[in-house]
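See below for the structure under consideration.
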Amino acid sequence: MERTAHTVALLVGSNPLPNYIAAVALQARHVVLFYSSETEIPCTHLKTALEKRTTKVSRVVIRDATDVRAIRDAWRTVSVSVDHVHYSGGTKPMAAHIRAACRLGEAQASYLDERKRVLRFAARRVRARAHVRLPPYPARDSTAGEYHTPDGWSV
1 MERTAHTVAL LVGSNPLPNY IAAVALQARH VVLFYSSETE IPCTHLKTAL
51 EKRTTKVSRV VIRDATDVRA IRDAWRTVSV SVDHVHYSGG TKPMAAHIRA
101 ACRLGEAQAS YLDERKRVLR FAARRVRARA HVRLPPYPAR DSTAGEYHTP
151 DGWSV
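Under the numbering used here, residues 1 to 155 are what the sequence shown spells out, in order.
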């Protein structure tokens, strides 16, 4: 089963690679990146990588990624209609409160199951296409600040 989404909200954590894989697997045409001051650098890497794929990217900063009110306030600033939320990245409060604020159905929210190499949608799963394989542990080049996969991707 293949799923796509036009506008995807991604929660950016310290490793942007799972978000990149989700955006590619969902064939997103517009991505809204939610990030905090702690994840601004990975967010910038992710934005650059997605724009190279001709994906439109918007960024929304959350002033405190552990504060419920700040998270919900950030969601309210989004001016586009988001039809999917991918919550593998970011903090646990970000995932819980963005997920609650977006009011999308279970089929419109996903996370990356690294053990099974699938995007999970409620009780169902959608396997990423062969060219979107998830390596078990992305390697980070600390000098370049990039994450690399065995397939040669970098974010």
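Beta carbons are placed, not taken as given, at the ideal position from N, Cα and C, and that holds for glycine.
Residue from the options whose Cα sits closest to the Cα of residue i
i: Lys52; options: His30, Val12 and Ile41; result: His30
i: Gln108; options: Val82, Tyr20, Thr44 and Ser14; result: Val82
i: Ile71; options: Phe34, Thr4, Ile21 and Pro42; result: Phe34
i: Gly89; options: Val80, Val24 and Tyr111; result: Tyr111
i: Pro16; options: Ala5, Ser37, Ile41 and His6; result: Ile41
i: Ser58; options: Phe121, Leu11 and Lys116; result: Leu11
For residue j and residue i, the rounded distance between their alpha carbons
i: Val8; j: Val85; result: 6 Å
i: Arg103; j: Asp73; result: 15 Å
i: Arg49; j: Leu26; result: This sequence places Ala at residue 49; Arg is not what is there. Taking the straight line from one Cα to the other gives about 15 Å.
i: Tyr87; j: Arg99; result: 8 Å
i: Ala23; j: Glu114; result: 15 Å
i: Thr54; j: Asp64; result: 30 Å
i: Thr44; j: Gly13; result: 12 Å
i: His119; j: Arg76; result: Note on identity: in this sequence residue 119 is Leu, with His being the wrong assignment. Near 26 Å, if we compare the C-alpha coordinates of Arg76 and Leu119.
i: Val80; j: Ala28; result: 14 Å
i: Pro18; j: Lys116; result: 13 Å
Outcome for residue i when other beta-carbon atoms lying within 10 angstroms are tallied against a minimum of 16
i: Thr39; result: buried
i: Ser36; result: buried
Beta-carbon contacts of residue i that lie in its chain and below 6 Å, excluding the five residues immediately before and after
i: Val68; result: His97
i: Ala101; result: Arg72 and Trp75
i: His6; result: Arg29 and Asp83
7 Å CB neighbourhood of residue i in its chain, flanking five on each side removed
i: Val78; result: Val32 and Val60
i: Thr66; result: Thr91 and Pro93
Sequence-distant residues of the same chain with beta carbon closer than 8 Å to residue i, five excluded per side
i: Lys56; result: Arg29, His30 and Val31
Residue ranges of each alpha helix (DSSP H) within the stretch 2-84, 4 or longer:
Counting whole runs of 4 or more residues, the stretch 2-84 contains the alpha helix (DSSP H) stretches 17-25, 40-52 and 68-76.
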